[in-house]
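Structure first, then comments.
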């Protein structure tokens with residue numbers, strides 16, 4: 001299972017993207033931030049709401065130099081059928097990755113062996129391929145796309161910053177912290 005601070009391994013996967021089925025490698029995202037969002041399956045109840053929200057925020061992710069990939073154990077053909085039939089999914093512009101063997105889900109620790117599906121997981125990988133943020137939770141609880149975007153904003157700020165870190169609930173424009181002994185016991 002990937003751990004924070006580890007470099008992700010490359011792999012080739014099939015994806016449904018812009019009305020086409022294509023091969024996609026994780027290494028083609030090097031040089032930009034990568035946002036991986038795992039979910040149990042297409043034609044489910046919670047994920048259309050998450051995917052629709054991520055789709056609405058997609059340009060904001062792109063402005064930060066990020067690519068978003070949604071990942072489930074469904075095939076690219078199921079992704080296409082879902083894209084073609086669901087009003088919430090029709091406008092999605094980012095690739096929908098097929099992890100039919102569960103290999104990518106296993107690598108990120110989201111795979112449920114007994115069910116053959118993934119838990120909900122959100123991961124932020126920096127432009128060097130290093131895992132910076134990981135969150136996994138039960139499939140009955142939907143994630144917050146705006147919070148994922150906020151975490152990406154914080155990760156970008158820290159990477160570009162001058163030794164600053166982002167405190168709780170930090171948003172762009174808020175004060176940051178400069179770690180040092182002068183802060184000990186004063187926060």
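Numbering (full-length UniProt numbering), first residue to last: 1 to 187.
Think of the CB as a built atom: it goes at the ideal place given N, C-alpha and C, for glycine as much as any other residue.
Check whether the Cβ atoms of residue i and residue j sit closer than 9 Å, and answer yes or no.
i	j	result
residue 151	residue 133	yes
residue 122	residue 94	no
residue 140	residue 100	no
residue 88	residue 64	no
residue 138	residue 119	yes
residue 61	residue 82	no
residue 57	residue 37	no
residue 103	residue 126	no
residue 129	residue 23	no
residue 112	residue 6	no
residue 78	residue 43	yes
residue 16	residue 80	yes
residue 142	residue 49	yes
So, helix, strand or coil for residue i, using DSSP?
i	result
residue 59	helix
residue 39	coil
My understanding is that residue i touches residue j, with C-beta atoms under 8 Å, so please give their C-beta distance in whole angstroms.
i	j	result
residue 109	residue 73	Residue 109 to residue 73, Cβ: 14 Å. No contact.
residue 164	residue 9	Not quite, the Cβ-Cβ distance comes to about 30 Å (not below 8 Å), so this is no contact.
residue 35	residue 177	Contact doesn't hold; Cβ gap of about 25 Å is too wide.
residue 155	residue 170	The pair is not a contact, with the Cβ atoms about 11 Å apart (cut-off 8 Å).
residue 14	residue 21	6 Å
Using beta carbons (cut-off 9 Å, strictly below), is residue i in contact with chain B?
i	result
residue 157	Absent here is chain B; the protein component of the structure consists of one chain.
- Enumerated in chain order, which unbroken segments of the beta strand (DSSP E) with a length of 3 residues or greater are wholly contained in the UniProt domain "Thioredoxin" (2-157)? 12-17, 20-25, 33-38, 66-72, 96-98, 120-125, 131-137
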